[in-house]
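Take a look at the structure set out below.
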């Protein structure tokens, strides 16, 4: 459970290894990059490294993993760390992780705000979350508590909506005219959610939770979902659902199950295409990353069968175009999109 009263020591979390990444890695020759004893890539020191530039503290809170890092203003991850999500006392574990990242003080980048992605739905008013299947996480004042330990303004959203903002910032839609920025996203991992972008705007809906696409029904009277409904996409495509069905780790998923997951994702995508008329549906997360081409092959075949309206023939369904658009970049993009210089930490 999330608790502010448990001590940090009670988290009993083994410190993860902090990985520093050069923000200019792509522009440096191999002899300019050094490797630490652990084999992790470390930034070589240059004369410009002492110049402080604004960046973001990025946090991704997931059911199985907590990740935190620092992302610079260009969207480069310059430092990251992660730990397994403990079954209890999640808040002390997250506090320890965040303080460790802040103490590392990456050269040249000073966080000016915090972007945090977490399972939804999210209560925008209180800055808390109400993830299905995790009642012990409900109503914890996440935004307020993270602001208290960082002394920075905090912005919260889901992973799927973070992916949409990352696409606008660093992906194929970066620099495209706003009128042509019309797409949807699906983030498929421990949780399944997404976002809808119209005219360059990530749409919120009534409560700010537009994008809970993991609860689109893809198999009427199908497998029971943790939300209580039957046949939701999350009940077939989420990591825990796949592993429970196969009794294997995700990376060892049998071909038949990969095909089934691809079919279910395609059904959701076909519904999204018919409802929203996007130019693309962008799919990210650990499931498509691990299952790879076989998943997308099955998805493409089923999507063609399910999308029969003439105007949907132009819809492109694709994976994220770059591994640089990971969860920390999505979290940082949440802060980038909302932060104003006069914002102050939440009370």
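Residue numbers (my numbering): 751 to 1097.
Note that CB positions come from ideal geometry on N, CA and C, so glycine has one too.
Here the structure is a predicted model, which means the values were calculated and not measured.
Taking the CB atoms as reference points, tell me whether residue 865 and residue 923 lie closer together than 8 angstroms. For the purposes of this step, residue 865 is taken as residue 115 along the chain shown, with counting starting at 1. For the purposes of this step, residue 923 is taken as residue 173 along the chain shown, with counting starting at 1. No; because the gap between Cβ atoms is not below 8 angstroms, this pair is not in contact.
Any contact between the region 1061 to 1079 and the region 888 to 898? By contact I mean 3 or more CB pairs, one from each, below 8 angstroms. no
Work out the CA separation of residue 1026 and residue 932 for me, nearest whole Å. Taking the first residue of the chain shown as 1, we reach residue 932 at position 182. Taking the first residue of the chain shown as 1, we reach residue 1026 at position 276. If I take the Cα positions, the gap works out to 9 angstroms.
What's the gap between the Cα of residue 828 and the Cα of residue 896? As a first step, residue 828 is located in the chain shown; it is residue number 78 there, counting from the start. As a first step, residue 896 is located in the chain shown; it is residue number 146 there, counting from the start. Spanning the two alpha carbons is a distance of roughly 21 angstroms.
What did DSSP end up calling residue 923 once you bin it into helix, strand or coil? Here residue 923 corresponds to residue number 173 of the chain shown, with the count starting at 1. Note: residue 923 maps to coil in three-state DSSP.
Helix, strand or coil at residue 1042 according to DSSP, with G and I counted as helix: Counting from 1 along the chain shown, the entry for residue 1042 is found at position 292. Residue 1042: helix per DSSP, three-state reduction.
Find the nearest neighbour of residue 1034 within the set 1002, 834, 996 and 1075, judged by alpha-carbon distance. Numbered from 1 along the chain shown, position 284 holds the residue referred to as residue 1034. The residue with the shortest Cα to Cα distance from residue 1034 is 1075.
Which residues does DSSP list as the beta-bridge partners of residue 974? By one-based count along the chain shown, residue 974 stands at place 224. DSSP lists 980 as partners of residue 974.
Could you pull out every unbroken alpha helix (DSSP H) segment of at least 4 residues lying fully inside the region 843 to 924, listed in chain order? 892 to 900 and 909 to 920
Whole angstroms are fine: how far does the CA of residue 941 sit from the CA of residue 812? As a working note, residue 812 is residue 62 in the chain shown. As a working note, residue 941 is residue 191 in the chain shown. Distance between the alpha carbons of residue 812 and residue 941: 8 angstroms.
Between residue 1049 and the rest of its own chain, which residues show a CB-CB distance below 6 angstroms, the 5 nearest in sequence each way excluded? Counted from its first residue, the chain shown places residue 1049 at position 299. Same-chain partners within the cutoff: 1012, 1015 and 1016.
Might you give, ordered along the chain, the residues of its own chain that have their beta carbon closer than 7 angstroms to the beta carbon of residue 861, omitting 5 neighbours on each side? Translated into positions along the chain shown, residue 861 becomes position 111. Same-chain partners within the cutoff: 805, 806, 807, 820 and 902.
Am I right that residue 912 and residue 867 are in contact with their C-beta atoms under 8 angstroms? What's the rounded C-beta distance? Position 162 of the chain shown, counting from 1, holds the residue named residue 912. Position 117 of the chain shown, counting from 1, holds the residue named residue 867. So it is a contact: roughly 4 angstroms between Cβ atoms.
Same chain only: Cβ atoms within 6 angstroms of residue 1082, ignoring 5 sequence neighbours per side: Here the question's residue 1082 lines up with position 332 in the chain shown. 806, 808, 821 and 865, listed in sequence order.
Looking at the unbroken beta strand (DSSP E) that takes in residue 957, where does it start and where does it end? Taking the chain shown and counting its residues from 1, the one referred to as residue 957 is at position 207. Premise fails: residue 957 is in no beta strand (DSSP E) and is neither H nor E.
Alpha-carbon spacing of residue 916 relative to residue 1028, whole angstroms: Position 166 of the chain shown, counting from 1, holds the residue named residue 916. Position 278 of the chain shown, counting from 1, holds the residue named residue 1028. Roughly 17 angstroms separates the two Cα atoms.
Helix, strand or coil for residue 767 per DSSP? One-based indexing of the chain shown puts residue 767 at position 17. Caution is warranted here: a pLDDT of 41 is assigned to residue 767, below 50, making its placement in the model unreliable, and the coordinate value is therefore given only provisionally. Looking at residue 767 - three-state DSSP - the assignment turns out to be coil, as it is neither helix nor strand.
My output table needs one value for residue 831: the three-state DSSP class, helix, strand or coil. For the purposes of this step, residue 831 is taken as residue 81 along the chain shown, with counting starting at 1. Note: residue 831 maps to strand in three-state DSSP.
Given this structure, state the Cα-to-Cα distance separating residue 1078 from residue 863, to the nearest angstrom. Start at 1 with the first residue of the chain shown, and residue 1078 comes out as number 328. Start at 1 with the first residue of the chain shown, and residue 863 comes out as number 113. Each residue's alpha carbon lies about 13 angstroms from the other.
Look up residue 803 in the DSSP assignment and say whether it is helix, strand or coil. Residue 803 sits at position 53 when you count from the first residue of the chain shown. In this structure, residue 803 counts as strand in the three-state DSSP scheme.
Taking C-alpha atoms, which residue in 894, 858 and 1058 lies nearest to residue 875? The count along the chain shown starts at 1 and reaches residue 875 at position 125. Nearest C-alpha to residue 875: 894.
Comparing alpha-carbon positions, which option in 961, 925 and 937 lies nearest residue 950? Locating residue 950 in the chain shown gives position 200, where the first residue counts as 1. Answer by Cα proximity: 925.
Alpha-carbon spacing of residue 858 relative to residue 908, whole angstroms: Sequence index remark: in the chain shown, residue 858 carries index 108 (1-based). Sequence index remark: in the chain shown, residue 908 carries index 158 (1-based). One C-alpha to the other measures close to 28 angstroms.
Determine which residues share a DSSP beta bridge with residue 1030 and list them. For the purposes of this step, residue 1030 is taken as residue 280 along the chain shown, with counting starting at 1. Looking at the DSSP assignment, residue 1030 forms a beta bridge with 933 and 1066.
Going by C-alpha to C-alpha distance, which of 1019, 964, 838 and 852 sits closest to residue 886? Your numbering for residue 886 matches position 136 in the chain shown. Of the candidates 1019, 964, 838 and 852, the one whose C-alpha sits nearest the C-alpha of residue 886 is 838.
Residue 1056 and residue 1030 closer than 8 angstroms at C-beta: One-based indexing of the chain shown puts residue 1056 at position 306. One-based indexing of the chain shown puts residue 1030 at position 280. Not in contact: residue 1056 and residue 1030 (Cβ atoms no closer than 8 angstroms).
Check for me: the alpha helix (DSSP H) holding residue 1079 runs from which residue to which? Taking the first residue of the chain shown as 1, we reach residue 1079 at position 329. Its alpha helix (DSSP H) spans residues 1077 to 1088.
Would you mind reading off the limits of the alpha helix (DSSP H) that contains residue 989? The residue you call residue 989 lines up with position 239 of the chain shown. Counting along the chain, the alpha helix (DSSP H) containing residue 989 begins and ends at 989 to 996.
Check whether the Cβ atoms of residue 964 and residue 983 sit closer than 8 angstroms, and answer yes or no. Taking the chain shown and counting its residues from 1, one reaches residue 964 at position 214. Taking the chain shown and counting its residues from 1, one reaches residue 983 at position 233. The answer is yes: Cβ separation under 8 angstroms.
DSSP state of residue 1021, grouped into three classes? As a first step, residue 1021 must be located in the chain shown, where it is residue number 271. Looking at residue 1021 - three-state DSSP - the assignment turns out to be helix.
Take residue 966 and list the residues in its own chain whose beta-carbon comes closer than 6 angstroms to its own, dropping the five residues that flank it on each side. Here residue 966 is taken as the residue at index 216 of the chain shown, counted from 1. So the list reads 983, 1018 and 1021, once near-sequence residues are dropped.
Which class does residue 939 belong to by DSSP, given the choice of helix, strand or coil? Mapped onto the chain shown, residue 939 falls at position 189. Coil, per DSSP.
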